[in-house]
Structures are given as C-alpha cells and as structure tokens.
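Residue numbers (the numbering used here): 655 to 779.
We put the CB at the ideal spot given by N, CA and C, even for glycine.
Here's the structure, in structure tokens; my notes come after.
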C-alpha cells in the first residue's frame, strides 16, 4: 500500500522546471521546496507551532503548469506520496538519502489569490 501525504505550506523559492529523459523520452518535472507549517489557535490569533521543509516534485503537464504559475511565497495544498531518494556523494562515495514529496496535486490556497483567468475548453470558441 502506498503512503499518502497531504499538507499545506508556502513555497520557499520559485519552482524550477526541467526536462529529463525517462525511458528514452523527455518528461517535464517541476521541483520546488515547501515549508509545511503547523498553525495552532491562540485566543483570536493563529500561532506557528513547528513545521518542516520538503522537496516537492511534480511531473508531466501538471509540472509544467506548476513551473509557470507558482512563485515563491505561494500558499499551496500538496497531495502526494513520500519517496526516499538515494545517491552516492560525488566526493566521498558515501550513500546519501532524502525524502521527496512526489506530488499528484498542487493547489493554490485561494486566500492569497487576487484573480483567475480561465482557458477555454478545447473545441470551444
């Protein structure tokens, strides 16, 4: 059974869109970091009560759109699976690893959106 992660946070920098070769074909992948905060109620206010950073990847058309539309500071809801990446350090050969959130869905929090422009459905004029 696959793991499932759902969290709300802010982008720490502008996303980076890359095209990488996978099984002989070029695929889009958008990479960015999100600080997932934990807000707790303190009377009439919200207070931060810890949080953590995660590297996030989003592939394909959704990744291309994330690279185009998201910017540093965007408040997002990310849903996906945690994946452990491993690699050998170039200098020492030591094995390194990190958790990466492979996003199925990245949604902007509407509280920070001022306007939206929709594209027409295909076949409509």
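Supposed close pair residue i, residue j - CB separation, criterion 8 angstroms
{"i": "residue 705", "j": "residue 689", "result": "6 angstroms"}
{"i": "residue 809", "j": "residue 669", "result": "The chain is shown from 655 up to 779; residue 809 falls before or after that span and cannot be answered."}
Segment limits, beta strand (DSSP E) that includes residue i
{"i": "residue 663", "result": "659-665"}
{"i": "residue 679", "result": "679-696"}
{"i": "residue 757", "result": "749-762"}
Cβ pair residue i, residue j closer than 8 angstroms
{"i": "residue 730", "j": "residue 663", "result": "yes"}
{"i": "residue 686", "j": "residue 665", "result": "yes"}
{"i": "residue 671", "j": "residue 708", "result": "no"}
{"i": "residue 693", "j": "residue 760", "result": "no"}
{"i": "residue 667", "j": "residue 744", "result": "no"}
Closest residue to residue i among the options (Cα-Cα distance)
{"i": "residue 656", "options": "758, 764, 776 and 773", "result": "758"}
{"i": "residue 659", "options": "710, 724, 777 and 716", "result": "710"}
{"i": "residue 716", "options": "702, 703, 732 and 701", "result": "732"}
{"i": "residue 734", "options": "724, 741, 774 and 753", "result": "753"}
Open item on the list: Threshold first: 4 residues or longer. Then list the alpha helix (DSSP H) segments lying entirely within the segment 701-726, N to C.
Closed with: 714-723
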